[in-house]
Amino acid sequence: MLGSISITVLLASIMVASTPILLAALGEMVVEKAGVLNLGVEGMMITGAVCGFVVAVTTGSPLVGFVAAALGGAVLSLLFGFLTQVLLSNQVATGLALTLFGLGLSALMGQGYIGVKAPPTNDVNIPLLADVPVLGRVLFQHDMMVYFSVAMVAVVWAVLKYTRTGLILRAVGESGDAAHALGYKVVRIRIAAIFFGGAMAGLGGAYISLVRVPQWTEGMTAGAGWIALAIVVFASWKAGRVLVGAYLFGGVTVLQLNLQAAGAAIPVEYLSMSPYLITILVLVLISRRRSGAGAAPADLGKSFHASS
Amino acid sequence: MNFTKLVATATLALGLATGAIAQDKTKVGFIYVGPIGDGGWTYEHDKGRLAVEAAFGDAVETVYQESVPEGADAERALTQMALGGADLIFTTSFGYMDPTINVAAKFPNVKFEHATGYKRADNVSTYSARFYEGRAVQGLIAGRMTKTNKIGYIASFPIPEVIRGINSAYIHAKKVNPDVEFSIVWAYTWFDPAKEADAATALIEQGADVILQHTDSTAPQAAAEKAGNVMTFGQASDMSEYAPWPRVSSIIDDWAPYYIARTKAVMDGTWESTDTWDGIGAGMVGIGEISDAVPADVKAEAEALRDALASGEYHAFTGPLNKQDGSVWLAEGETAADFGDDGLAGLNFYVEGITAEIPN
């Protein structure tokens, strides 16, 4: 069935296609673990995409571009943090507004950058390992952001599971009142989580504009933020499963395009719906032992105020 | 959904409030499927809108909404625009066909113009361009230039407009290069730069060294540029920022004269429901400059084909042509009719030689 598709090249391009969603979903998972539902992922991604692109083009350095993208996404997320945590606005409505705002702001910032070429992001070959046949090409010949995104999965998992910081963050997400009673600064911790989520979404967006496409086009994230949000839920707020979900979605998307290009005798209708179906199916299956709702942070989406 | 949409809504509200003053202005609305900065399809429609503003100055007011999803949400956007006092509304994508007809029935005094569709009413016109004429020129250049004899085609949705383009490009590539093969990838989107780039990369990995696209963004151009030895064509817009290579030529949609003429008709009260389908000859389809990356003889051949299509001396679908199943479509010397059985307007089959199947 795979016919003329080169498996190594395919797997490598799957990693490229999955990285934006992985970064954004991982950030959003931390935000939700702290009890905040930020639906503005799409807006933060597109803002990161434009900030990263503009700065990378201006400075000629993709690395500086990625830093700027993280900052751009994070600064935008602070707006959400201020509105929902300080002014106690509704999180769902504010998140949706953040997406609208991000799309408009990025279109404005990106004027004059349409058709401009991004500086190339070079692959970093890991010494020795990159030369291993097959595996070397698949795993160890990528750009820095692919390694970074996978490393962040491990970092987020370890921090949440084994550190005091992670414990406090989860406590805040499970019960803001209880955490407050213990003397933790609930609002500050949540804003810090929102900041982290914004930075990660910004990086994900910049990965699209600097590596995956690479160019700036208005609205170019085209719904990737919503996919990231869905993956967090279906992955039942676990870093490892977010990785599985993002790679499945990105992987099946790229695989089905490759199957079409190779002329596989599978009806295109099934191929094009397969990324959604397979991702949901697999994540639901691996999460079936615990009920999905049980895995959600108990205070998810609830506003906290010290007086209540 | 984005900021501009909010602005557009606010403008609508303002328009209502100041209705008394603005009454003598003709209000023209546009519904776009992508952002105006897509660099392709929507970008060109918006250029048409700006041309209307430039042509009539204070006598018109234009409003638009970007990235309106095809389907039920389009009805909401259209209703809002009609309620906002628009006199004439252009709906610029195939998927707005039924929403346009539905909303038009509720607003008999508002004129509607639907692009690329085939359903009309007393207050709904249709208009489209014969993009397939441009595809013929692309097919010729692609057939002459390909070294791997593999041509990749990023298709959007299986609708007649897209199928006409694939057939036309294939026929004219095959004519100059009998060994040519087409790989077709259906992206099921008009605008998703990441997916379009992935589709281009997949085709390039399969050995395609020419990429034709029927999606709206410049992402496939960027993917081809990254690959290096792959040639592309601008789609809907010139995409000249990727010239002279990978973009070697383009199809440019020029909607401005049509939009100006139809706005004028509304102002004069002479607007009637019509069906317009113009090609290279009428200037609705332009062929972007063929770059120096194309050898002079191929360029001359392509320009001769362009001129023959423009003058009407040659039709892009001229027999003998068989359908994919081998049955006769057009006999020797016969040209395809616009309407009727097997007509171009409802074309739903590939010509003989294309190995893929059209999705349902």
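The listed protein sequences derive, respectively, from chains A and B. Sequential numbering from 3 applies to the first sequence in the numbering used here. Sequential numbering from 13 applies to the second sequence in the numbering used here. Glycine included, C-beta positions come from ideal geometry on N, C-alpha and C. The model shown is predicted, which means the values in this text are computed figures rather than measured ones.
Residue i, buried or exposed, once every other Cβ within 10 Å from all chains shown has been counted against 16
i: F351/B; result: exposed
i: M2/A; result: Any question about residue 2/A goes unanswered here, given that chain A covers just 3 to 310.
i: L28/B; result: Caution applies to L28/B, whose pLDDT of 48 falls short of 50 and renders its modelled position unreliable; the model cannot decide the point.
i: L26/B; result: Legend: pLDDT at L26/B = 48, less than 50; position of this residue unreliable, value from coordinates given subsequently. Looking at its Cβ environment, which holds fewer than 16 other Cβ atoms inside 10 Å, L26/B is exposed.
i: N360/B; result: exposed
i: M251/B; result: buried
i: I16/A; result: buried
i: R61/B; result: buried
i: V118/A; result: exposed
i: A32/B; result: Low per-residue confidence applies at A32/B: pLDDT is 43, beneath 50, and the placement is therefore not dependable, though the value from the model is reported in the following sentence. Exposed, since its Cβ has fewer than 16 Cβ neighbours within 10 Å.
i: S309/A; result: exposed
i: N121/B; result: exposed
i: Y272/A; result: exposed
i: S261/B; result: buried
i: T367/B; result: exposed
i: E284/B; result: exposed
i: A248/A; result: buried
i: D58/B; result: buried
i: T138/B; result: buried
i: Y339/B; result: Per the sequence shown, the amino acid found at residue 339/B is Ser instead of Tyr. With fewer than 16 Cβ atoms within 10 Å of its Cβ, S339/B is classed as exposed.
i: K35/A; result: buried
i: K159/B; result: exposed
i: V374/B; result: This structure gives no information on residue 374/B, because the portion of chain B shown stretches from 13 to 372.
Chain A residues whose Cβ lies nearer than 7 Å to that of residue i
i: G51/B; result: I116, G117, T219
i: S79/B; result: G221
i: P47/B; result: A109, E220, G221
i: S229/B; result: T219
i: A234/B; result: V215, P216, Q217
i: E253/B; result: G117
i: F329/B; result: Within chain A, no residue comes near F329/B; the closest Cβ sits about 24 Å away, beyond 7 Å.
For residue i, the nearest candidate out of the options (CA to CA)
i: S20/A; options: L257/A, G75/A, G117/A; result: L257/A
i: A156/A; options: V77/A, A308/A, L28/A, I288/A; result: L28/A
i: A232/A; options: A195/A, L285/A, A70/A, M111/A; result: L285/A
i: M146/A; options: L107/A, T165/A, Y164/A, N124/A; result: N124/A
i: P172/B; options: R142/B, D204/B, V278/B; result: R142/B
i: F306/A; options: L287/A, W228/A, G178/A, A109/A; result: G178/A
i: V161/A; options: L110/A, G242/A, V189/A; result: G242/A
i: P121/A; options: A208/A, E271/A, I23/A; result: A208/A
i: V310/B; options: M157/B, N161/B, W202/B; result: M157/B
i: P190/B; options: A268/B, G300/B, Y44/B, N161/B; result: N161/B
i: V136/B; options: G365/B, V64/B, A349/B, T286/B; result: T286/B
i: L224/B; options: Q218/B, E217/B, Q233/B; result: Q233/B
i: L356/B; options: P371/B, T201/B, A328/B, E364/B; result: A328/B
i: G291/B; options: A312/B, E301/B, A320/B; result: A320/B
i: Y271/B; options: A211/B, A89/B, A67/B, A212/B; result: A67/B
The ligand SAM heavy atom lying under 8 Å from the CB of residue i
i: A357/B; result: For the ligand SAM, the structure offers nothing, since it holds no ligand at all.
Proximal residues of chain B, C-beta to C-beta of residue i below 7 Å
i: R214/A; result: A206, A209
i: S274/A; result: W198, Y200
i: G265/A; result: S195, T367, A368
Contact set between residue i and chain B, taken where Cβ atoms lie within less than 9 Å
i: P269/A; result: E369, P371, N372
i: V256/A; result: D210, T213, A214
i: G112/A; result: G49
Amino acids of chain B, ordered along the chain, whose beta-carbon sits closer than 8 Å to that of residue i
i: N260/A; result: A214, E217, Q218
i: A132/A; result: In chain order: nothing, as chain B lies at least about 20 Å away.
i: V136/A; result: Within 8 Å Cβ-Cβ: nothing; V136/A doesn't reach chain B, min ~16 Å.
Chain A residues whose Cβ lies nearer than 9 Å to that of residue i
i: G164/B; result: A263
Under 8 Å by beta carbon: chain A residues contacting residue i
i: F169/B; result: None at all; the shortest Cβ gap to chain A is about 10 Å.
i: F203/B; result: G221, A224
Below 8 Å, can you find three or more Cβ-Cβ pairs linking the stretch 184–204 of chain A to the stretch 39–47 of chain A? yes
Pairing CB atoms from the stretch 145–158 of chain B with CB atoms from the stretch 172–184 of chain B, are three or more of them under 8 Å? yes
What are the residues in the stretch 3–23 of chain A lying within 9 Å of chain B by C-beta distance? S6, I7, S8, V11, L12, S15, V18, A19, P22
Can you confirm whether the stretch 108–115 of chain B touches the stretch 129–137 of chain B when touching is taken to mean that 3 or more C-beta pairs between the two stretches lie within less than 8 Å? yes
For the structure I just gave you, are there three or more beta carbon pairs, one from the stretch 179–196 of chain A and one from the stretch 55–66 of chain A, closer than 8 Å? no
Does the contact criterion of 3 or more C-beta pairs under 8 Å hold for the stretch 80–90 of chain B versus the stretch 253–263 of chain B? no
Stretch-stretch touch, CB-based, cutoff 8 Å, three pairs: the stretch 47–56 of chain B with the stretch 296–305 of chain A: no
Between the stretch 272–280 of chain A and the stretch 59–68 of chain A, are three or more C-beta pairs nearer than 8 Å? no
Does the pairing of the stretch 70–78 of chain B with the stretch 38–47 of chain B give three or more beta-carbon distances under 8 Å? yes
Taking beta-carbon pairs under 8 Å, can you tell me which members of the stretch 189–213 of chain A lie near chain B? I210
Contact set between the stretch 225–236 of chain A and chain B, restricted to residues whose Cβ is under 9 Å from the partner: G225, A226
Between the stretch 191–204 of chain B and the stretch 271–291 of chain B, do three or more beta carbon pairs fall short of 8 Å? no
Positions along the stretch 71–98 of chain A whose CB lies within less than 8 Å of some CB in chain B: none
Under 8 Å, with one C-beta from each stretch per pair, do the stretch 301–318 of chain B and the stretch 331–338 of chain B reach the 3-pair mark? no
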